[in-house]
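In the numbering used here, the protein residues as written are 1 to 302.
Just so you know, even glycine gets a beta-carbon here, dropped at the ideal spot from N, CA and C.
(1) For residue 279, which of 104, 259, 201, 246 has the nearest alpha-carbon?
(2) Any Cβ of chain C within less than 9 Å of the Cβ of residue 47?
(3) Residue 121 and residue 181 look like a contact to me (Cβ under 8 Å); what is the Cβ gap, rounded to whole Å?
(4) Whose C-beta lies closer than 6 Å to the C-beta of residue 61 among residues of the same chain, with five residues either side of it excluded?
(5) Which class does residue 237 belong to by DSSP, given the choice of helix, strand or coil?
(6) Could I get the ranges of all uninterrupted beta strand (DSSP E) runs contained in the segment 237-296, with 3 residues as the minimum, in chain order?
(7) Helix or strand or just coil, what does DSSP make of residue 333?
(8) Between the segment 169-184 and the segment 204-217, can you find at least three pairs of beta-carbon atoms closer than 8 Å?
(9) What number of angstroms, rounded off, separates the C-alpha of residue 138 from the C-alpha of residue 171?
(10) Alpha carbon to alpha carbon, what distance is there between residue 98 and residue 49?
(11) Kindly indicate which residue of 40, 71, 143, 15 has the alpha-carbon position closest to the one of residue 183.
(12) Determine the contact status of residue 39 and residue 57, defining contact as a CB-CB distance below 9 Å.
(13) Could you check what DSSP says for residue 189 in three-state terms: helix, strand or coil?
(14) How far does the beta strand (DSSP E) with residue 8 in it extend, from its first residue to its last?
(15) Taking the Cβ atom as the reference point for each residue, do residue 167 and residue 128 lie within a distance shorter than 9 Å?
Here it is as C-alpha cells:
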C-alpha cells in the first residue's frame, strides 16, 4: 500500500480494487459484505498511515470523479439575472483541487480556501478540511450528500448528519461510505475569489512540507490549568512544540517536520512502529513540560 499513500509506507492489502463508477463501488461493497469481508475505501491517501502488516480487508481506490453544476438559484428582473446561490455536485473520488478550480472559474465562493490541499472530495469531507488562518472548513459548504450504509442501503443526508468538528466528521464514527456531495456555493467576484485562493496556496507552500508526509496528526488544545504557560487559553500544536523544543524530532525513519509540526515525514523508509514510537515520545515530552495530553487524529489502517 506504500504506493497509494502520501507517506509512502505500509504493508500490502489483502485485496486491492480500483473503481471508476459509484455503481461499481456499491457492488464491490455488497459482494464483500455477502462474504463477511471488511472494506476500506481510499481516496488519495493523504492523511492515513497503513499498518506495517498491511490491511486485512478489501481496499477500494475510489476513482469516481464526476462533478457538475446542478442548479443556480436566483431571479430575473428587468432582463438582468440576479444569481443568489448555486448547487455543485461532486463524487467522492473527485480530486479536490480540480473541483475548487472549477468553482473559482464559475465565480462561485465557498471552496476557495481549500485550493492547494492534497486529496479528494471524500477525504476532505471526512476530515472536514480547513484553512486555519481564516477558520474556513469544507463542511461549511456541504449542503447534501449520498452515503452507503453498512447494511448496503444508499441514503441521502443533509449537512447536519456530519456533525462537523475540527478535523472530524461523523463518518469516522458511523462507518458510512461517502458516495457524493452537493455543495451550496455563492456568487462572488472572480478576481476576489482567486486572490483568496492564491493566499491559501501561498500559506500552504510556506507551512506544508514538500517531503513524503502524513498530515495533521495533533489537534489544537483547550487548556484550563496549564503548567509553565502564561494563561488559560487555546494553544496550537505549533506553539507547544516551539516551547518544548521538539520541532524536527525524529525516531527511526520518521520525523516531525521542522516547517510544520502537524506533519510527520518519512525520512528513511519509516514504518508504522516508527510513527507510533515518535508519537508516544512527543506526547511524553509535552505532558512532562506542560502537563497536557495531546489528542492524536490519525490511527493506523489495518
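In brief:
(1) Residue 279 has its Cα closest to that of 246, out of 104, 259, 201, 246.
(2) In the displayed structure, chain C is absent; only one protein chain is listed.
(3) Yes, residue 121 and residue 181 are in contact; Cβ-Cβ is about 6 Å, under 8 Å.
(4) Taken in chain order, the residues that qualify are 18, 42.
(5) Here residue 237 carries a helix assignment [DSSP, helix/strand/coil].
(6) Whole beta strand (DSSP E) segments, 3+ residues: 254-256, 263-266.
(7) Missing from the structure shown is residue 333; the chain here goes from 1 to 302 and no further.
(8) Between the segment 204-217 and the segment 169-184, the count of Cβ pairs shorter than 8 Å is below three; the stretches do not touch.
(9) Looking at the two C-alpha atoms, the distance is approximately 14 Å.
(10) Roughly 25 Å separates the two Cα atoms.
(11) Per the C-alpha coordinates, the member of 40, 71, 143, 15 positioned closest to residue 183 is 143.
(12) Their beta carbons are under 9 Å apart, which means residue 39 touches residue 57 by this criterion.
(13) Residue 189 falls in the coil class under three-state DSSP.
(14) Unbroken run through residue 8: none, as it is neither H nor E.
(15) Yes, they are a contact pair.
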